[in-house]
Amino acid sequence: MIKVNTKNIKSALIILCLLIAGKAFAASIKITGKAPEYAQNSIELNTFHDFISEQHIRLGTIRFNAQGAFELEFNLEKTSLCFANFDGYHGMIYLEPGKSYELVFPP
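See the structure below:
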């Protein structure tokens, strides 16, 4: 007869559930920087719902203060290609949940 240690099985199941649950929740992303040329302006940061329909999902709005400093925080579930259109530019960046980024804008 095989003897099963239920305590070890329960522990393994709890650890497995925690690992799976950790992947299912979004993590915060923080974007900061300073661009005096963009003072008092704003730029929308978007991502795609999917690459077939190319439907945009707004992640947030970067708002530049009087000195051009900005800070944006939002949650993201997975690494995503994000983009912004501004002053004739089309900026793109991959953002990873739980990370912080300092952006540099063209003058």
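The opening residue of the sequence shown carries number 263 in my numbering; numbering runs sequentially from there.
The beta carbon of each residue, even a glycine, is placed where N, CA and C say it ideally should be.
- Phe-332 counts as buried, since at least 16 other C-beta atoms from the protein chains shown sit within 10 angstroms of its C-beta.
- For Asn-347, the closest alpha carbon among the candidates Ser-315, Ser-304 and Phe-313 is that of Ser-304.
- Comparing alpha carbon positions, the residue from Ser-290, Arg-325 and Leu-343 closest to Glu-316 is Leu-343.
- Of the residues Thr-341, Asp-349 and Phe-345, the one whose Cα lies closest to the Cα of Lys-361 is Thr-341.
- Apart from the 5 residues on each side of it in sequence, Glu-306 sits with its Cβ closer than 7 Å to the Cβ of Arg-320, Thr-323 and Ala-346 in its chain, given in chain order.
- Taking a contact as a CB-CB distance under 8 Å, the pair Ile-314 and Leu-357 does not count as one, their CB atoms being some 21 Å apart.
- Rounded to the nearest whole angstrom, the C-alpha separation of Tyr-300 and Arg-325 is 9 Å.
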